[in-house]
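Quick note on UniProt numbering: the sequence shown kicks off at 1 and runs consecutively.
From the three backbone atoms N, C-alpha and C, an ideal C-beta is built for every residue, glycine too.
Below: the structure, in structure tokens.
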Amino acid sequence: MSDDSLWFAQTGFAALADIAFACVLGASIIGNWLRGEQAFAAVSPARFGWRRARRGAIAATIVLLLCNFASLWLQSMAMSGALLLEAGASMWLVATGTHAGIGWSVALAGSALLLMASASASASASASALATSRSGFAIAAVLIVAAGKSAIGHAADAGAFSAAEAVQALHLLATGVWGGIVIAGAVVLPALDTSMARASLIRIAVRVSRTATIALVLVIATGGFNAWRGMGGSPAVLDASAWGHALLVKLALIAAALACGALNRWSALPRLQRSESTIDAQTLINVMRVEAGLMAGVFVAAAVLSHSVPGAASG
1 MSDDSLWFAQ
11 TGFAALADIA
21 FACVLGASII
31 GNWLRGEQAF
41 AAVSPARFGW
51 RRARRGAIAA
61 TIVLLLCNFA
71 SLWLQSMAMS
81 GALLLEAGAS
91 MWLVATGTHA
101 GIGWSVALAG
111 SALLLMASAS
121 ASASASASAL
131 ATSRSGFAIA
141 AVLIVAAGKS
151 AIGHAADAGA
161 FSAAEAVQAL
171 HLLATGVWGG
181 IVIAGAVVLP
191 ALDTSMARAS
201 LIRIAVRVSR
211 TATIALVLVI
221 ATGGFNAWRG
231 MGGSPAVLDA
241 SAWGHALLVK
251 LALIAAALAC
261 GALNRWSALP
271 RLQRSESTID
281 AQTLINVMRV
291 EAGLMAGVFV
301 AAAVLSHSVP
311 GAASG
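Next up, the structure:
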């Protein structure tokens with residue numbers, strides 16, 4: 001495998017892992033909201049949406065686990081210089097003896113714990129005590145994944161347990177929540193698009209909008225810190241480096257996603273709340289689907305950034 005193909009493979013798996021992580025967060029959050037509405041009950045008109053959210057969380061966690069394993073394998077290949085099928089022999093050494101390897105190992109372990117938490121959700125979704133215990137376990141697993149992933153990218157240059165890594169972990173969580181509830185919402189909300197479940201669809205859409213707004217504040221704050229750090233305080237690198245070009249693409253995608261979110265929050269959702277009509281529900285869902293596609297693009301751009309030389313260092 002050439003250096004270019006290895007870079008593309010690493011970037012691709014990193015992007016897919018970020019999207020999967022976001023989907024786990026989004027599907028789990030929406031699933032918990034629907035659980036609070038007793039959507040797990042056999043007679044609930046929102047049961048189909050709750051089941052789709054639960055299954056989506058499990059599927060996304062499996063993808064996350066496989067992507068983190070593949071990324072660790074590719075990292076071993078890059079560091080050892082071994083061929084693809086031979087890189088496994090050096091995986092343990094890379095996973096325990098390098099900062100990036102340890103980061104991938106932590107993310108992989110967190111993914112495994114998150115899969116256990118997601119899979120166990122199907123056992124007794126209506127038991128409040130068990131649901132609370134599972135939620136705590138899942139939150140711990142999510143924090144472990146975020147901590148591991150923050151130790152892999154450019155934030156690790158500042159050292160282990162640095163402020164840069166803490167900010168990056170918070171950025172990953174905030175971006176994951178924002179992108180996750182949008183992507184998961186684009187999948188789950190169509191399952192609530194019936195006259196009987198319309199009230200649940202409206203309530204979930206309102207909560208998606210409010211939560212996305214809160215997460216967005218954290219995304220802007222932490223993302224601004226990361227961007228300024230990557231630029232070395234000089235905006236000139238935006239036009240003079242591939243890293244800067246990728247950042248501009250990411251910002252453009254974020255701006256487009258914000259426009260979609262604003263359209264739903266200030267236009268489509270108020271109309272749906274007034275009319276409760278199928279046409280307005282489908283308008284909201286379609287706009288959310290476009291926003292979900294843009295958010296997937298944001299995660300791809302973020303992966304390109306994390307696997308590119310920062311603008312401040314490229315000059």
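Classify P270 as buried or exposed, calling it buried when 16 or more other Cβ atoms lie within 10 Å of its own Cβ.
-> Locating residue 270 in the sequence shown gives position 270, where the first residue counts as 1. Residue environment analysis places P270 among the exposed positions, since fewer than 16 neighbouring C-beta atoms fall within 10 angstroms of its C-beta.
Give me the Cβ distance between G36 and V188, rounded to the nearest whole Å; I'm assuming they're in contact under 8 Å.
-> Counted from its first residue, the sequence shown places residue 36 at position 36. Counted from its first residue, the sequence shown places residue 188 at position 188. Contact doesn't hold; Cβ gap of about 14 Å is too wide.
Limits of the unbroken alpha helix (DSSP H) element including residue 336 | In the structure displayed, the chain extends from 1 to 315; residue 336 sits before or after that span and is not available.
For Q282 and A199, the rounded distance between their alpha carbons | Within the sequence shown, the letter at position 199 stands for residue 199. Within the sequence shown, the letter at position 282 stands for residue 282. Cα-Cα distance, rounded: 14 Å.
Express the C-alpha separation of S150 and A100 in angstroms, rounding to a whole number.
-> Counted from its first residue, the sequence shown places residue 100 at position 100. Counted from its first residue, the sequence shown places residue 150 at position 150. Between A100 and S150, the C-alpha separation is close to 10 Å.
Which residues in the same chain have their Cβ closer than 7 Å to the Cβ of V67, if we skip the five residues on either side of it in sequence?
-> Within the sequence shown, the letter at position 67 stands for residue 67. It should be pointed out that residue 67 corresponds to Cys in this sequence rather than to Val. Correct list, in chain order: F13, L16, A17, A20.
Between Q10 and V298, what straight-line distance do the alpha-carbon atoms span, to the nearest angstrom?
-> Within the sequence shown, numbered from 1, the residue matching residue 10 stands at position 10. Within the sequence shown, numbered from 1, the residue matching residue 298 stands at position 298. Answer to the nearest angstrom: the Cα atoms are 17 Å apart.
Around the Cβ of A140, are there at least 16 other Cβ atoms within 10 angstroms (buried) or fewer (exposed)?
-> Here residue 140 refers to the residue found at position 140 when the sequence shown is read from its first residue. It counts as exposed.
Consult DSSP for P310 and reduce its assignment to one of helix, strand or coil.
-> The residue given as residue 310 occupies position 310 in the sequence shown. Coil, per DSSP.
What's the gap between the Cα of A197 and the Cα of A191?
-> Locating residue 197 in the sequence shown gives position 197, where the first residue counts as 1. Locating residue 191 in the sequence shown gives position 191, where the first residue counts as 1. Rounded to whole angstroms, A197 to A191 spans 9 Å at the Cα level.
Selection from G26, A146, A107 that minimises the alpha carbon distance to A166 = If you number the sequence shown from 1, residue 166 lands on position 166. Of the listed residues, the one whose Cα sits closest to A166 is A146.
Mark E86 as exposed unless 16 or more other C-beta atoms lie within 10 angstroms of its C-beta, in which case mark it buried.
-> By 1-based counting over the sequence shown, the position of residue 86 is 86. By the 10 Å Cβ count, E86 comes out exposed.
Could you check which residue in V177, G232, A169 has the C-alpha nearest to that of V208?
-> Residue 208 sits at position 208 when you count from the first residue of the sequence shown. Measuring from the Cα of V208, the nearest candidate turns out to be V177.
Are at least three pairs of beta-carbons, each pair with one atom in the stretch 50-57 and one in the stretch 27-42, less than 8 Å apart?
-> yes
Return helix, strand or coil for F40, following the three-state DSSP convention.
-> One-based indexing of the sequence shown puts residue 40 at position 40. It is coil, neither helix nor strand.
Below 7 Å CB to CB, which residues in the same chain sit around S71 once its five sequence neighbours on both sides are set aside?
-> Within the sequence shown, numbered from 1, the residue matching residue 71 stands at position 71. Once the five neighbours on either side are set aside, the close Cβ partners of S71 are Q10, F13, A14, A17, W104.
Hey, residue 319 and A59: beta-carbon distance below 7 Å or not?
-> As shown, the chain starts at 1 and ends at 315. That puts residue 319 outside it, with no answer to give.
What three-state label does DSSP hand M196 in the structure shown?
-> Locating residue 196 in the sequence shown gives position 196, counting from the first residue. In the structure shown, M196 sits in coil (DSSP, three-state: anything other than H, G, I, E or B).
To the nearest angstrom, how far is it from the Cα of E276 to the Cα of S120?
-> Against the sequence shown, residue 276 aligns to sequence position 276. Against the sequence shown, residue 120 aligns to sequence position 120. Looking at the two C-alpha atoms, the distance is approximately 35 Å.
Where does E276 fall in DSSP's three states?
-> For the purposes of this step, residue 276 is taken as residue 276 along the sequence shown, with counting starting at 1. E276: coil per DSSP, three-state reduction.
Quick one: using the 10 Å Cβ neighbour count with 16 as the cut-off for buried, is T211 buried or exposed?
-> For the purposes of this step, residue 211 is identified with residue 211 of the sequence shown, where counting begins at 1. Flag for T211 reads buried.
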